[in-house]
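Numbering (the working numbering), first residue to last: 6 to 259.
Data block below; observations after.
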């Protein structure tokens, strides 16, 4: 893909890991620990699961960016849990219950650089959409205030919200992002996807879109290998003037 184009017309944001530091990882980890030390304790010796084995890296590689059932199945397969297809239903339900408790406890925060970037690109006349695989993304976005718009939430800023939208194929298939582009009335080639997950970067590139990777966990190389056009550790690093001119670049770069 070329380094510049006439203008970006839309930015499609993932939510978890880009705009919100959500408790998804904690919920997945605690739900599986609860099952493996409870209802599934007789299975544990047959698996590779230990509490220490469920690391942040495992979450990012196996679960991050996937729809709930796909993620549950993938995690159980990763830890060699027998009958993963059937057990994924119980795991997904347990995770969702745990997540809702964590949300009630307000165990999440907004990434302020993400909130600022949404405001900056929207101020430049670029459409914005939220497109997360998670059905819970809206709960987080409604809880984050739009600082420059008193009384509004971050969710109110978006021109389209496809978070948790049912699609036939989840990430790394581009269907969700292509649907977002269609709802915004723009071509895929004029869209930038902002993602922190390998599956999301791959989905963006498969859809013919630009991919801006956010490496918050020392995983820049993984996002670059997945095909990201630019990787930053904070969205404050993005040169907004260059962005509005149709170029992905870091502040201070030539």
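The C-beta atom is built at its ideal place from N, Cα and C for all residues, glycine as well.
Status (buried if at least 16 other CB within 10 Å, exposed otherwise) for residue 94: exposed
Residue range of the beta strand (DSSP E) that includes residue 200: 196-200
Unbroken stretches of the alpha helix (DSSP H), 4 residues or longer, contained in the stretch 25-91: 29-41, 73-83
Three or more C-beta pairs below 8 Å linking the stretch 146-154 and the stretch 183-202: no
Residues of its chain near residue 61, where Cβ-Cβ distance is below 8 Å and the 5 sequence neighbours each way are ignored: 30, 222
Proximity of residue 1 and residue 40 at Cβ, strictly below 8 Å: A query on residue 1 cannot be resolved here, the shown segment of the chain reaching from 6 to 259 and no further.
Distance between beta carbons of residue 201 and residue 219, contact taken as under 8 Å: 5 Å
Residues of its chain near residue 179, where Cβ-Cβ distance is below 6 Å and the 5 sequence neighbours each way are ignored: 208, 211, 212
Local Cβ density within 10 Å of residue 168, reported as buried at 16 or more and exposed below that: buried
For residue 6, the three-state DSSP class (helix, strand or coil): With a pLDDT of 43 at residue 6, under the threshold of 50, the modelled position of that residue is not reliable, and the figure given next carries that caveat. Coil, per DSSP.
The stretch 125-144 contacting the stretch 17-25, beta-carbon criterion three pairs below 8 Å: As far as the Cβ criterion goes, the stretch 125-144 touches the stretch 17-25, which means the pair count is three or higher.
Reference residue 195; option with closest CA among 86, 59, 248, 117: When only C-alpha atoms are compared, the closest one is 248.
Three-state secondary structure assigned by DSSP to residue 192: In the three-state reduction of the DSSP assignment, residue 192 falls in the coil class, being assigned neither a helical nor a strand state.
Runs of alpha helix (DSSP H) lying entirely within the stretch 141-174, each at least 4 residues, in chain order: Those alpha helix (DSSP H) runs which fall completely within the stretch 141-174 and span 4+ residues are 142-148, 159-162.
Beta-carbon proximity check, residue 15 vs residue 189, cutoff 8 Å: With respect to residue 189, residue 15 sits close: the two C-beta atoms are nearer than 8 Å.
Check whether residue 241 and residue 121 have beta carbons under 8 Å apart: yes
Where residue 209 falls: helix, strand or coil (DSSP): DSSP places residue 209 in helix when its eight states are reduced to three.
Of the listed residues 141, 159, 110, nearest to residue 124 (C-alpha basis): 159
Proximity below 8 Å, CB of residue 146 to CB of residue 28: no
Residue from 237, 215, 77, 175 whose Cα sits closest to the Cα of residue 252: 215
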